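Residue numbers (the working numbering): 601 to 717. Think of the CB as a built atom: it goes at the ideal place given N, C-alpha and C, for glycine as much as any other residue. Keep in mind the model is a prediction, meaning the values are calculated, not measured.
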């Protein structure tokens, strides 16, 4: 799950950097009420990724901090009593991200690069 959270954080950081660098250009004038990359990206960062990372990144880090030297990282992670809840929230987040990607694909009138399953 550490790799999953790191990947999600990477998406968060990359999206935030794009918004900082290109912000106004990603929400062109005349698109009021229309779908823009910036609108989807801000929603994704603030309502999907940030809550997940805020809740689970420190919780998992706290669990990782008590791993004994020589213990397997994977076995230790599997022993966490919150691991199933984290997995479920990551799966829910993945579904929401696929839904947001579908909205963006529709707005851009392009075919999705990945399946929605």
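(Q) For the structure I just gave you, are there three or more beta carbon pairs, one from the segment 643-657 and one from the segment 603-622, closer than 8 Å? (A) yes
Q: List the endpoints of the continuous alpha helix (DSSP H) containing residue 639.
A: By one-based count along the chain shown, residue 639 stands at place 39. Taken as a continuous stretch (DSSP letters only), the alpha helix (DSSP H) holding residue 639 covers 637-643.
Q) Short check: CB of residue 649 to CB of residue 605, under 8 Å? A) Within the chain shown, numbered from 1, the residue matching residue 649 stands at position 49. Within the chain shown, numbered from 1, the residue matching residue 605 stands at position 5. Contact: no.
Q) Is any beta-carbon of chain C found at less than 8 Å from that of residue 646? A) Among the chains of the structure shown, chain C does not appear; only one protein chain is present.
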